[in-house]
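Novice: Quick one: the structure is below, questions incoming.
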Amino acid sequence: MTDILKSADEIAASIPDGILLALPPEYAPCAMEAVRALVRRNAKDLRLLGVPQFGFQADLLIGAGCVTEVETAAVTLGELGLAPRFTDAVKLQKIAMRDTTCPAIHAALQASEKGLPFMPLRGLIGSDIVARRDDWQIADNPFGDNDPIVYLPAIRPDATLFHAAKADIYGNIWIGVRRELMVMAHASAAAYVTVEEIVETDLLADPQTAPGTIPGLYITALAKARKGAWPLGVPDLYERDQEHLKHYAEKARSVEGFDAYIEQWVRHGSQHA
Amino acid sequence: MSGVRTEEIMIAAIARMLSGLSHVAVGSASPIPGSAALLARKLSGGSLRVSLLGRISNPTFTDGARELFDCAAQGRIDAFFLGGAQIDGQANINLVSIGDPDRPKARFPGSFGSAYLYFLVPRVILFRQEHSPRSLVPKVDYISAPGVSEPNVYRPGGPYALVTGRCVFDFDKKNRRFALKSLHPDETLEDIERETGFEFDCPQGKATPGTEVPDTEWLELIRGPIGDEIREIYPDFAAKMFDAT
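One line per chain: the protein sequences are H and V, in this order.
Okay, so the first sequence: first residue is 1055 according to our numbering, each after it adds one.
Okay, so the second sequence: first residue is 80 according to our numbering, each after it adds one.
Following this line, the structure appears as structure tokens:
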């Protein structure tokens, strides 16, 4: 059974230190209130997997010292530029960075969904991404003739954490068209979700919502968090708070500015609701 | 119509390269190619399908972020666009770092889908507005995605052209080099030689033509309906381009 918890802070308290945590990109809803709660509880030694890339949530966790390792295709604040705490952490070697490419993450998670040890992937050969990954192999296509192809080991995250518009009391989560969240839930050992609202009707019983719904089977725990993706957006509910993100991008350029941001916007709970 | 901006010349140049295609996809951090793809769609009378990553309204994919890549692997995407902090003369691109990647002097977001799509999409158009010895280098510090591959590597796709703020290069697959195709207004062959860090061919020499500047009709499209559409994904780009007085 899916645990229905009281708050994003309870979700963050359920996520252990030291795990491999898969996080969504900014175009799928991000569980920002739970991410802030991870910072509040001083989460340690997290290894982050960006599926396939991320931005603000990763920068916040890295800057707050919660992270030792990052595997992702990119960390970016989009039009607001480089993610400043990530950039500094790589330059100062505070985190181990494992560069990859978007489809390699999708494929390695699909291997995990299927319970397979690896997945082959086209492309990549000749890229420094492969040259610098000792966990990947270039092997022969067993059905081909002199056809090298990259083998990627399956990625099985210990947990995934994301936000969604809606859950029901049975633990089903409606994600609509954002099906990378479905893959993340399938592939991870545990899935933690915050939602805008929890409804009493079964989302799987309605043919309109069922195809865009992750069955509660995969969901470890969920909690209601109104505006839980803020300052990022939720499609059709609220948009990104671009002014706030600009403010963050400016503050986070320095360690002092970042610390002041955390003190004002994270440490004492959210003030945006 | 006020003066034509460099970005608008690039948008028009890229849009011309998309004529006659059926499906074009546009990735992250690509406002100029995104505008070009939307312009090409307009000019095609709507027959060109455009998939813009990051767009929330009217999604073209419904199977999550992986669908773009699966679609490309099946040959269902005709053109894609890649930039680079550095691009070299063999069309290698670097989206990762300057200097030793373990102790970089500069660190950029990362390779995104480049290391895959560069191999699989037939017509990959490279773009970089900054055309200087800093951005167009003899050899990139980190190969996010290689421009060319050994003959036994599966590679239906690869570089097609490079569009910068100064000129357009074609990529010559046989010689594995760029060839100067056209010069933007006010640029000379000497300017391009001075500002380009890699060697390139110049098959037309002094007769290299000028890049065609978008006419009033195209500019009205770029500044009107295209600008409105690209604003959803790139509000800052749209504000800089179209809201200036």
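Positions of the beta carbon are idealized from the N, C-alpha and C atoms, including for glycine.
Small disclaimer: the values here were computed from a predicted structure and weren't measured.
With H/Asp1153 as the anchor, note down where its beta strand (DSSP E) starts and where it stops.
Specialist: Ala1150 to Asp1153
Novice: For V/Ile222, which residues of its own chain have a beta-carbon under 6 Å away from its beta-carbon, when the five flanking residues on both sides are left out?
Specialist: Asn171
Novice: Could you spell out where the alpha helix (DSSP H) holding H/Ser1068 opens and where it closes?
Specialist: Ala1062 to Ser1068
Novice: In three-state terms, what does DSSP make of H/Asp1256?
Specialist: In this structure, H/Asp1256 counts as coil in the three-state DSSP scheme.
Novice: Just to make sure I have the definition right: I need the residues of chain V whose C-beta is within less than 8 Å of the C-beta of H/Ala1128. Which are they?
Specialist: Ser107, Leu174, Pro188, Gly189, Ser190 and Phe191
Novice: Please state whether DSSP places H/Val1309 in a helix, a strand or coil.
Specialist: helix
Novice: Tell me the DSSP secondary structure of H/Thr1056 in three-state form.
Specialist: In the structure shown, H/Thr1056 sits in coil (DSSP, three-state: anything other than H, G, I, E or B).
Novice: For the region 1223-1249 of chain H, enumerate the residues whose C-beta is nearer than 8 Å to any C-beta of chain V, in chain order.
Specialist: Val1231, Arg1232, Arg1233, Glu1234, Leu1235, Met1236 and Val1237
Novice: Nearest-angstrom Cα distance between V/Thr324 and V/Leu132?
Specialist: The pLDDT assigned to V/Thr324 is 45, lower than 50, so where the model puts this residue is not dependable; a value taken from the coordinates is nonetheless given after this. Spanning the two alpha carbons is a distance of roughly 30 Å.
Novice: Between the region 1299-1322 of chain H and chain V, which residues of the former have CB atoms less than 8 Å from a CB of the latter, in chain order?
Specialist: none
Novice: Identify every run of the beta strand (DSSP E) within the region 149-205 of chain V, keeping only runs that are complete inside it and at least 3 residues long; order them along the chain.
Specialist: 158-161 and 165-167
Novice: Have a look at V/Asp142, V/Pro304 and V/Ser130 and flag the residue whose alpha-carbon is nearest the alpha-carbon of H/Gly1266.
Specialist: V/Asp142
Novice: Going by alpha carbons, who is nearest to V/Ser101 out of V/Ser214, V/Gly154 and V/Arg234?
Specialist: V/Gly154
Novice: Are H/Cys1156 and H/Leu1286 close, meaning C-beta to C-beta below 8 Å?
Specialist: no
Novice: In whole angstroms, what separates the C-alpha of H/Gly1109 from that of V/Glu146?
Specialist: Each residue's Cα considered, the two are about 21 Å apart.
Novice: Checking contacts by CB at 8 Å: is V/Ser228 closer than that to chain H?
Specialist: So, interface residue.
Novice: Within the same chain, show all residues whose beta-carbon is closer than 7 Å to that of V/Gly306, passing over the 5 residues directly before and after it, in chain order.
Specialist: Ala317, Met320 and Phe321
Novice: For H/Glu1064, which of H/Gly1282, H/Ala1277 and H/Glu1317 has the nearest alpha-carbon?
Specialist: H/Ala1277
Novice: For chain V, check one thing: does any of its Cβ atoms lie closer than 8 Å to the Cβ of H/Glu1133?
Specialist: H/Glu1133 counts as touching chain V.
Novice: Using beta carbons (cut-off 8 Å, strictly below), is V/Val232 in contact with chain B?
Specialist: Checking the listed chains, one finds no chain B in this structure; the protein chains it contains are H and V.
Novice: Could you run through the region 193-212 of chain V and flag, in chain order, every residue whose CB is less than 9 Å away from some CB of chain H?
Specialist: Ser193, Ala194, Tyr195, Leu196, Tyr197, Phe198 and Leu199
Novice: Just mark V/His210 as buried or exposed, buried being the case when its beta carbon has 16 or more other beta carbons within 10 Å.
Specialist: buried
Novice: Within 10 angstroms of its Cβ, does H/Ala1327 collect 16 or more other Cβ (buried), or is it exposed?
Specialist: Low per-residue confidence applies at H/Ala1327: pLDDT is 46, beneath 50, and the placement is therefore not dependable enough to give any value.
Novice: Does DSSP put V/Ala318 in a helix, in a strand, or in coil?
Specialist: helix
Novice: Evaluate H/Phe1197 with the Cβ neighbour count: other Cβ atoms within 10 Å of its Cβ, from every protein chain shown; 16 or more gives buried, anything less gives exposed.
Specialist: exposed
Novice: Would you say V/Thr324 reaches chain H, if we count a Cβ-Cβ gap shorter than 8 Å as a contact?
Specialist: Confidence at V/Thr324 is low in this model, with a pLDDT of 45, below 50, so its placement is unreliable and the value that follows should be read with caution. For V/Thr324, the answer is no, since every Cβ of chain H falls outside 8 Å of its Cβ.
Novice: Under DSSP, the beta strand (DSSP E) around V/Thr287 begins and ends at which residues?
Specialist: Neither: V/Thr287 is in no beta strand (DSSP E) and is coded neither H nor E.
Novice: Per DSSP, what are the beta-bridge partners of H/Asp1194 in this structure?
Specialist: DSSP, once it has assigned bridges, lists H/Pro1202 as partnering H/Asp1194.
Novice: Rounded to the nearest angstrom, how far is the Cβ of H/Gly1225 from that of H/Gly1270, given a contact under 8 Å?
Specialist: 3 Å
Novice: Does the distance from the C-beta atom of V/Pro110 to that of V/Phe160 stay below 8 Å?
Specialist: no
Novice: Can you check which of these residues, V/Asp220, V/Arg202 and V/Thr139, is closest to V/Leu174 by C-alpha distance?
Specialist: V/Asp220
Novice: Could you please tell me which residues of the region 138-150 of chain V, in chain order, have their CB closer than 7 Å to any CB of chain H?
Specialist: Pro138, Thr141, Asp142, Gly143, Ala144, Arg145 and Phe148
Novice: Taking the continuous alpha helix (DSSP H) assigned at V/Val103, which residues delimit it?
Specialist: That residue, V/Val103, is in no alpha helix (DSSP H); its beta strand (DSSP E) goes His102 to Val105.
Novice: Using a C-beta to C-beta distance shorter than 7 Å, which residues of chain H count as neighbours of V/Pro238?
Specialist: In chain order: nothing, as chain H lies at least about 13 Å away.
Novice: Give a yes or no on whether 8 Å exceeds the smallest Cβ distance from V/Ala104 to chain H.
Specialist: No, no contact with chain H.
Novice: Any idea if V/Asp249 is buried or exposed, counting beta-carbon neighbours within 10 angstroms, 16 or more meaning buried?
Specialist: buried
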